[in-house]
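K.L.:
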Amino acid sequence: MRLLVPSFPSSIYTCFSSFISSHSLLSLFPFSTLFSFLRVFGGLSEVVTGKSLPAFGIAIAIAILSTRGKKRSPFCNYCKKEIRSSLCFCLYIHQAVTMEKFVRLISMAPFFLLLCLPFALARHDYGQALSKSILFFEAQRSGYLPHNQRVTWRSNSGLNDGKASGVDLVGGYYDAGDNVKFGLPMAFTITMMSWSIIEYGKQLGSSGELGHAMNAVKWGTDYLIKAHPQPDVLYGEVGDGNTDHYCWQRPEDMTTDRRAYKIDPSNPGSDLAGETAAAMAAASIVFRRSNPSYANELLTHARQLFNFADKYRGKYDSSITVAQKYYRSVSGYNDELLWAAAWLYQATNNQYYLNYLGNNGDSMGGTGWAMTEFGWDVKYAGVQTLVARFLMQGKAGQHAPVFEKYQQKAEYFMCSCLGKGSRNVQKTPGGLIFRQRWNNMQFVTSASFLTTVYSDYLASAGRNLNCAAGNVAPSQLLAFAKSQVDYILGDNPRATSYMVGYGNNYPRQVHHRGSSIVSYKVDPTFVTCRGGYATWFSRKGSDPNLLTGAIVGGPDAYDNFADERDNYEQTEPATYNNAPLLGLLARLSGGHGGYNQLLPVVVPAPIEKKPAPQPKITPAPVLQSSNYGVCFSASTSAPVAILQKTTATWIAKGKTYYRYSTIVTNKSAKELKDIKLSISKLYGPLWGLTKSGNFYAFPSWITSLAAGKSLEFVYVHSASAADVSVSSYTLA
Numbered sequence: 001m002r003l004l005v006p007s008f009p010s011s012i013y014t015c016f017s018s019f020i021s022s023h024s025l026l027s028l029f030p031f032s033t034l035f036s037f038l039r040v041f042g043g044l045s046e047v048v049t050g051k052s053l054p055a056f057g058i059a060i061a062i063a064i065l066s067t068r069g070k071k072r073s074p075f076c077n078y079c080k081k082e083i084r085s086s087l088c089f090c091l092y093i094h095q096a097v098t099m100e101k102f103v104r105l106i107s108m109a110p111f112f113l114l115l116c117l118p119f120a121l122a123r124h125d126y127g128q129a130l131s132k133s134i135l136f137f138e139a140q141r142s143g144y145l146p147h148n149q150r151v152t153w154r155s156n157s158g159l160n161d162g163k164a165s166g167v168d169l170v171g172g173y174y175d176a177g178d179n180v181k182f183g184l185p186m187a188f189t190i191t192m193m194s195w196s197i198i199e200y201g202k203q204l205g206s207s208g209e210l211g212h213a214m215n216a217v218k219w220g221t222d223y224l225i226k227a228h229p230q231p232d233v234l235y236g237e238v239g240d241g242n243t244d245h246y247c248w249q250r251p252e253d254m255t256t257d258r259r260a261y262k263i264d265p266s267n268p269g270s271d272l273a274g275e276t277a278a279a280m281a282a283a284s285i286v287f288r289r290s291n292p293s294y295a296n297e298l299l300t301h302a303r304q305l306f307n308f309a310d311k312y313r314g315k316y317d318s319s320i321t322v323a324q325k326y327y328r329s330v331s332g333y334n335d336e337l338l339w340a341a342a343w344l345y346q347a348t349n350n351q352y353y354l355n356y357l358g359n360n361g362d363s364m365g366g367t368g369w370a371m372t373e374f375g376w377d378v379k380y381a382g383v384q385t386l387v388a389r390f391l392m393q394g395k396a397g398q399h400a401p402v403f404e405k406y407q408q409k410a411e412y413f414m415c416s417c418l419g420k421g422s423r424n425v426q427k428t429p430g431g432l433i434f435r436q437r438w439n440n441m442q443f444v445t446s447a448s449f450l451t452t453v454y455s456d457y458l459a460s461a462g463r464n465l466n467c468a469a470g471n472v473a474p475s476q477l478l479a480f481a482k483s484q485v486d487y488i489l490g491d492n493p494r495a496t497s498y499m500v501g502y503g504n505n506y507p508r509q510v511h512h513r514g515s516s517i518v519s520y521k522v523d524p525t526f527v528t529c530r531g532g533y534a535t536w537f538s539r540k541g542s543d544p545n546l547l548t549g550a551i552v553g554g555p556d557a558y559d560n561f562a563d564e565r566d567n568y569e570q571t572e573p574a575t576y577n578n579a580p581l582l583g584l585l586a587r588l589s590g591g592h593g594g595y596n597q598l599l600p601v602v603v604p605a606p607i608e609k610k611p612a613p614q615p616k617i618t619p620a621p622v623l624q625s626s627n628y629g630v631c632f633s634a635s636t637s638a639p640v641a642i643l644q645k646t647t648a649t650w651i652a653k654g655k656t657y658y659r660y661s662t663i664v665t666n667k668s669a670k671e672l673k674d675i676k677l678s679i680s681k682l683y684g685p686l687w688g689l690t691k692s693g694n695f696y697a698f699p700s701w702i703t704s705l706a707a708g709k710s711l712e713f714v715y716v717h718s719a720s721a722a723d724v725s726v727s728s729y730t731l732a
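Here the sequence shown is numbered in full-length UniProt numbering, starting from 1 and rising by one per residue.
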């Protein structure tokens, strides 16, 4: 016998929501619980009546019978009619059901309730969702992947990034489903990951995910350090969205333009430099205890970038014009300057940055803008939340009157999310924050994070939230954030999880190049620029690689969602969707724990987990390079030895150039074949090897090396010796 679990029009969902809110008995249950129960109840109705009857119709009918004779009738907000002795017009029944069968169904309601309630009350596994959400960042990595990479279907990519500009820009994150490294959203992602760790590091530590979260931050900050080679120079993009979107290739096969774009005093970008300063400052707090020297290095970069941003003012997309179509800075740069100052004060306790917030709050919009959104472009709500924290900590001093205005705007944002303000955020019938069709989830996760931290700030200060609709307890802010997370994880009209890999019903055709194309490790056959569209993009099956933990763009204003790869507005993920979730899920998984969120922050050092035993694989030796003399293999017993030495040096146009000779020797007793060398930090021409994808192989005139034999290759560039290592080989 088939159990029918119907799907419902959003109009029915809206009407049901308004109906249960008017019934005291039904309102005792969370809406998501009632909805889950009624989905199953609707399916069971077919078993009893032999007909398909919407669960909402049954629920309304039962409630109507229970309210007969009462003076007041429930009111349907959808069709604007009262529900009296008959069903609301918009809650239709598919087929006529006789009263005898209907009464029989109602008499069995208690049985159905006992049967279905355990399913409805099942809670989400926030710990599992947390682990998956962090894993997504490993799928977005660019550069040389580390030995402990857990997303195993990915391989090295973008290994020549920055080379044409004479700078090493290998590493960092791809922002979404494409292969471009956009600096502004990447920096915001790192800031939000760091903020998550700063607020909820203890909960992350208890879950065993703190180390992974800190690794995710460091992968980003390592790149940002490279992207800031001089105090007043910052590289803000690698690759071009136009050429990248013309192709559908996995990162390992990229043939698109990898030009690097920068800002400098002649081409300023205060928003980009300010957000990067904020990311560096926030990350320095994360590493202050576990890696103090690295934290100090980050702070140095943060200070320099803030000074650069403040001194040479301008919008970054006026300098890096190729970013305008993808990440235009609509809000300008004042919010980023305040945002950076707030994080630098948090990181250094330096009064200069506090004064900056106090002296510039009015002129830069920090006290004037009343926001209902927060994200990679508009930072005002985040600034206002941080400054409100400083005020509650008693640090405002002479700036207290200005900081109180910041706090008023922070609370305006919180009240608007709750629907208790003078101007409230739009929500779908299912209760999800909705701002725009294209990647709406970015606003959901970031707003939910702000309401969560502000809830804890208020609780620590012993305060309530003041809204236009009255005082609100801090717990209501947390409950709101939880409702948004629960919606993402599956408590919604479609019963769809918008986190890939969580639950049973999640997006299978994600708009993501790496996920949608067979792994390079499974089939290294080159995927051409346009061939990827023909073979993989247009394919209707599930992605060959599971993009675990990715938060996709999500449903439209009516809770509708189409799981189709070309539906980029709804199925494309982004790093900044996930970043705020780290803190949210850690908080929901680990609870509050009695922590005072207003006390000075100390992020605990991560506890390293012992990895599970792995099958023994003979590793290729990793070889370190030096600018002087010889480089030795990490293992003297390795079958392949590599020695490098400088053979010539000269100066041309003010630059010092070096010629390096590299000898590869077969030290084994067998014939060496199919060698693949990995070469990084190479910024000039190379002779004596053949480029093969991301690796270098024997030249065309050599097919193998006999025992004891060697080959030589040379290269020239104006830097220290490149890093050369053996990726793989065969001994015959």
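Heads up, the beta-carbon is just placed ideally off N, CA and C, and yes, glycines get one too.
Computed from a predicted model, the values in this text were never measured in an experiment.
1) Going by the beta-carbon positions, is the gap between residue 332 and residue 271 smaller than 8 Å?
2) With C-beta atoms as the reference, is residue 317 less than 8 Å away from residue 265?
3) Give the secondary structure of residue 644 by DSSP, where H, G and I count as helix, E and B as strand, and everything else as coil.
4) How about the stretch 192-202 and the stretch 569-586: do they share at least three Cβ pairs that are nearer than 8 Å?
5) In whole angstroms, give me the CA-to-CA distance for residue 668 and residue 345.
6) Can you check which of these residues, 241, 375, 290, is closest to residue 325 by C-alpha distance?
7) Would the beta-carbon of residue 185 fall within 8 Å of that of residue 327?
8) Measure the alpha-carbon distance for residue 359 versus residue 459 and round it to whole angstroms.
9) When the Cα atoms are used, what is the spatial distance from residue 638 to residue 659?
10) Among the residues of its own chain, which have a CB less than 7 Å from the CB of residue 428, if the five just before and after it don't count?
11) For chain B, is any of its Cβ atoms less than 8 Å away from the one on residue 704?
12) Would a C-beta distance cut-off of 8 Å place residue 385 and residue 423 closer than the cut-off?
13) If you reduce the DSSP assignment to three classes, tell me which class residue 152 lands in.
14) Cβ of residue 507 within 8 Å of Cβ of residue 500?
15) Determine the contact status of residue 370 and residue 281, defining contact as a CB-CB distance below 8 Å.
16) Given a cut-off of 8 Å on the beta-carbon distance, is the pair residue 656 and residue 665 in contact?
17) So does the stretch 530-538 actually touch the stretch 145-164, counting three or more Cβ pairs closer than 8 Å?
18) Please identify the residue among 590, 254, 176, 222 whose C-alpha is closest to the C-alpha of residue 298.
19) Compare the C-alpha of residue 577 against each of 193, 165, 167, 523 and name the closest.
20) Please state if the CB of residue 420 and the CB of residue 388 are separated by a distance shorter than 8 Å.
21) Going by DSSP in three states, residue 575 sits in which element: helix, strand or coil?
22) Considering only residues of the same chain and omitting the five flanking positions on each side of residue 173, which have a CB-CB separation below 8 Å?
23) Please look up how many angstroms separate the CB atoms of residue 478 and residue 415, rounded, as I've assumed it's under 8 Å.
24) Please determine if the stretch 479-490 and the stretch 436-451 are in contact, where contact requires at least 3 C-beta pairs separated by less than 8 Å.
25) Cutting at 7 Å between CB atoms, please list the residues of its own chain near residue 131, excluding the five before and the five after it.
26) Runs of 3 residues minimum, wholly inside the UniProt domain "Carbohydrate binding" (640-720): which ones carry the beta strand (DSSP E) assignment?
27) Taking the alpha-carbon positions, what's the residue 343 to residue 278 distance?
28) Shortest alpha-carbon distance to residue 707 belongs to which of 692, 672, 406, 717?
29) Does the Cβ-Cβ distance between residue 134 and residue 227 come in under 8 Å?
30) Can you check whether the CB of residue 361 is closer than 8 Å to the CB of residue 402?
31) Mapping the DSSP letters down to three states, classify residue 346 as helix, strand or coil.
32) Provide the residue(s) that pair with residue 731 in DSSP beta bridges, ordered along the chain.
33) How about residue 680 and residue 169: do their beta carbons lie closer than 8 Å?
34) Alpha carbon to alpha carbon, how far is residue 438 from residue 699?
35) Using CA coordinates, which residue listed in 263, 367, 155, 644 is at the minimum distance from residue 237?
36) Name the residue from 697, 675, 676, 497 whose alpha carbon lies nearest to the alpha carbon of residue 125.
P.N.:
Taking the structure as given:
1) yes
2) no
3) strand
4) yes
5) 58 Å
6) 241
7) yes
8) 29 Å
9) 26 Å
10) 434, 555, 557, 558, 559
11) No chain B appears in this structure, which consists of one protein chain only.
12) no
13) coil
14) yes
15) no
16) no
17) no
18) 222
19) 193
20) no
21) helix
22) 137, 140, 141, 142, 181, 186, 189, 219, 220, 223, 575
23) That pair is no contact at about 15 Å.
24) yes
25) 209
26) 640-652, 655-666, 672-680, 690-692, 695-697, 710-717
27) 6 Å
28) 672
29) no
30) yes
31) helix
32) 672
33) no
34) 48 Å
35) 263
36) 497
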